[in-house]
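Remarks on the structure that follows.
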Amino acid sequence: MPTRREFLASVSAAGGLSACAGGSGLPVVGVVPKGTNHTFWQSVHAGAIKAGEEFGLEILWNAPQLEIDSSRQIAIVENLITRQVDGIVLAPVDAEALVRVVERAVDRAIPVAIFDSAIETERIITFVVTDNYRGGVMAAERMGEILGGQGKVGVIGFMPGSASTMKREAGFQETIEEKFPDIEFLGVRFNMADRAKALEEAENLLTAHPDLAGLFADNESSLDGTVQAVKQRGLAGKVKIVGFDASETLVGDMLEGAIDSIVVQDPFKMGYESTRQMAFHLKGAETTPHIDSGAYLLTPENVDLPKMREIVFPDLEYWLGRKGAGH
Numbered sequence: 027m028p029t030r031r032e033f034l035a036s037v038s039a040a041g042g043l044s045a046c047a048g049g050s051g052l053p054v055v056g057v058v059p060k061g062t063n064h065t066f067w068q069s070v071h072a073g074a075i076k077a078g079e080e081f082g083l084e085i086l087w088n089a090p091q092l093e094i095d096s097s098r099q100i101a102i103v104e105n106l107i108t109r110q111v112d113g114i115v116l117a118p119v120d121a122e123a124l125v126r127v128v129e130r131a132v133d134r135a136i137p138v139a140i141f142d143s144a145i146e147t148e149r150i151i152t153f154v155v156t157d158n159y160r161g162g163v164m165a166a167e168r169m170g171e172i173l174g175g176q177g178k179v180g181v182i183g184f185m186p187g188s189a190s191t192m193k194r195e196a197g198f199q200e201t202i203e204e205k206f207p208d209i210e211f212l213g214v215r216f217n218m219a220d221r222a223k224a225l226e227e228a229e230n231l232l233t234a235h236p237d238l239a240g241l242f243a244d245n246e247s248s249l250d251g252t253v254q255a256v257k258q259r260g261l262a263g264k265v266k267i268v269g270f271d272a273s274e275t276l277v278g279d280m281l282e283g284a285i286d287s288i289v290v291q292d293p294f295k296m297g298y299e300s301t302r303q304m305a306f307h308l309k310g311a312e313t314t315p316h317i318d319s320g321a322y323l324l325t326p327e328n329v330d331l332p333k334m335r336e337i338v339f340p341d342l343e344y345w346l347g348r349k350g351a352g353h
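Residues in the sequence shown are numbered from 27 upward in steps of one, following the numbering used here.
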């Protein structure tokens, strides 16, 4: 029996393959996240599979290997258009770069649902998303509280052009500057979806500012690299880390004291709701234009609450291991 981590690694590797041809006789919906490697996207996949089973859809799952690869994501959507799928559910890597191909799909009578990150077109049937600005506010309020409103803080961000993380960064910075005037904001450094780059950028901040008090890491790869940098310096628990997006490993780091808290989304719900809205549209039913999938502050004190465990640890082995679960 493979371990949970081995199972998820095998699913991640399979997720990068080209979508297989349909043949079930069901409406075919392509689900295209930004990437496959992180627990977040695996949870989205599981939610999409659940909705597909409930509403009679065949799910084609495909994504770039790198979360910053808009060119590869465009090629995947182009392929789905050529296959004449019935619908596309997409988390755009870039708010501008994906507009043309999305509108091309709509022109070919293929409806598009957007989740996780915004796109600069209104020609979509729904947008399922976390209130990312509010998530950044939550992180800033937590940081201000644990620092007693004093000290220097920096941000390890994802990449320029990613609408979701840019809103987190804006929410964090504006809240720090407005509510905690004695905290010095040191700006945002980007990791470009690379854990090693996140570690490097966090180390650069620690070197430049030996009195650094806190770091906000606004996505899973940023948080992973940031916590490693702080641990390697022997500063775990001394430099306060507030993160965004959790994994099994990162929750362990939080319980050990290396991370103070993590703002978590509900990616399972994100995948489920965006796919469900597509099913409604294909059946001629009314859809909801905007759905807030929720954001929550995970701490050592609430991690074992049933609601938090359901959000952070959905049963991925069950959904991703099902026969025909999103090719």
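Where a beta carbon is used, it is the ideal one built from N, C-alpha and C, also for glycine.
Extent of the continuous alpha helix (DSSP H) run through A305: Counting along the chain, A305 sits inside the alpha helix (DSSP H) bounded by residues P293 to L308.
Looking at C-alpha atoms only, which residue of G56, M192 and V277 is the closest neighbour of N88? The residue among G56, M192 and V277 with its C-alpha nearest the C-alpha of N88 is G56.
Buried or exposed: where does I337 fall if 16 or more other Cβ atoms within 10 Å of its Cβ makes it buried? I337 counts as buried, since no fewer than 16 other beta carbons sit within 10 angstroms of its beta carbon.
Under 8 Å between the Cβ atoms of G263 and I288? No. Outside cutoff.
Note down, in chain order, each residue of its chain lying with its Cβ closer than 6 Å to the Cβ of H64, except the 5 sequence neighbours on either side. Within the same chain, E246 come within 6 Å of H64 by CB-CB distance, once the 5 residues on both sides are set aside.
Beta-carbon within less than 7 Å of A47's beta-carbon, same chain only, minus the 5 sequence neighbours each way: which residues are those? Unreliable positioning characterises A47 in this predicted model, as indicated by a pLDDT of 42, which lies under 50. A coordinate reading is not provided.
Buried/exposed call for D133, threshold 16 Cβ in 10 Å: The residue in question, D133, is exposed, as its Cβ has fewer than 16 Cβ neighbours within 10 Å.
Using only the alpha-carbon positions, how far apart do A272 and E129 sit? Near 33 Å, if we compare the C-alpha coordinates of E129 and A272.
Of all the options E122, V54, L323 and A72, which has the alpha carbon lying nearest to the alpha carbon of L346? Measuring C-alpha to C-alpha distances from L346 to each of E122, V54, L323 and A72 identifies A72 as the nearest.
Look up T152 in the DSSP assignment and give the residues it is bridged to. Note: T152 sits in a beta bridge opposite A139.
Taking the alpha carbon of A255 as the point to measure from, which residue in K76, V163, D279 and E229 has its own alpha carbon closest? It is E229.
Any idea if E93 is buried or exposed, counting beta-carbon neighbours within 10 angstroms, 16 or more meaning buried? It is buried - the Cβ of E93 has at least 16 other Cβ atoms within 10 Å.
What first and last residue would you give for the beta strand (DSSP E) that runs through A234? No beta strand (DSSP E) holds A234; the alpha helix (DSSP H) holding it covers R221 to A234.
Name the residue from F81, S96 and K60 whose alpha carbon lies nearest to the alpha carbon of G310. Checking every option, the nearest Cα to that of G310 belongs to F81.
Can you find a heavy atom of the ligand ADP that lies under 7 Å from the Cβ of P332? The ligand content of the structure shown is nil, which means the ligand ADP is not present either.
How should R335 be labelled, buried or exposed, when 16 other C-beta atoms within 10 angstroms of its C-beta is the threshold for buried? In this structure R335 is exposed. Its beta-carbon is surrounded by fewer than 16 other beta-carbon atoms within 10 angstroms.
Could you tell me whether the Cβ atoms of K266 and L116 are closer together than 8 Å? No. Outside cutoff.
First and last residue of the beta strand (DSSP E) that includes K178? In the DSSP assignment, K178 falls within the beta strand (DSSP E) that extends over G177 to G183.
For the alpha helix (DSSP H) containing A165, name the first residue and the last one. Bounds of the alpha helix (DSSP H) holding A165 are N158 to I172.
If you check the beta carbons only, do M296 and V70 fall under 8 Å apart? Cβ distance < 8 Å, so M296 and V70 count as in contact.
Give me whichever residues DSSP pairs with F270 in a beta bridge. Paired residues: V289.
How long is the line joining the alpha carbons of P326 and M164, rounded to whole angstroms? When rounded, the distance between both Cα atoms is 16 Å.
Simplified DSSP assignment, three categories, for A89: Taken through DSSP and simplified to helix, strand or coil, A89 comes out as coil.
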